[in-house]
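Going by the UniProt record's numbering, the first residue of the sequence shown is number 1, and it counts up by one from there. From the three backbone atoms N, C-alpha and C, an ideal C-beta is built for every residue, glycine too. Just so we're clear, the structure is a prediction, and the values are computed from it rather than from any experiment. Only one structure is covered here, and it is reproduced in the block below.
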Amino acid sequence: MAESTDQEKLLKRINELAHKNKEEGLTEAETEERAKLRKEYLKNFREAMRSNIEMMRIFDDNGKEVTPEKVREIQRKKGLRDD
1 MAESTDQEKL LKRINELAHK NKEEGLTEAE TEERAKLRKE YLKNFREAMR SNIEMMRIFD
61 DNGKEVTPEK VREIQRKKGL RDD
């Protein structure tokens, strides 16, 4: 849960800077801060999304597993499956 709190803090500050930029503009330091925060937010988001996808198993309507082989291979390497 700590990760989502960090993400929320990043997003809150990014939004503060976005509002300030629309209203009055940003200083050079704030522009740099915004770029750094956006980069960190996207990095964290991508890591979380990758983790979610790698943990996922997909089944069709008949109950047959249809998880893509690439994902299955990653799961095997991480010890999440034994097939």
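Worksheet entry | Secondary structure of E40, DSSP reduced to three states | helix
Practice prompt. Quick one: grab the DSSP three-state call for E24.
Written response: coil
Discussion item. Need the endpoints of the alpha helix (DSSP H) that I74 sits in, please.
Written reply: E69 to K77
Fill in: Best match in D61, M55 and G63 for proximity to G79 [C-alpha to C-alpha]
M55
Discussion item. Taking the alpha-carbon of I14 as reference, which of R72, I53, F45 and Y41 has the nearest alpha-carbon?
Written reply: Y41
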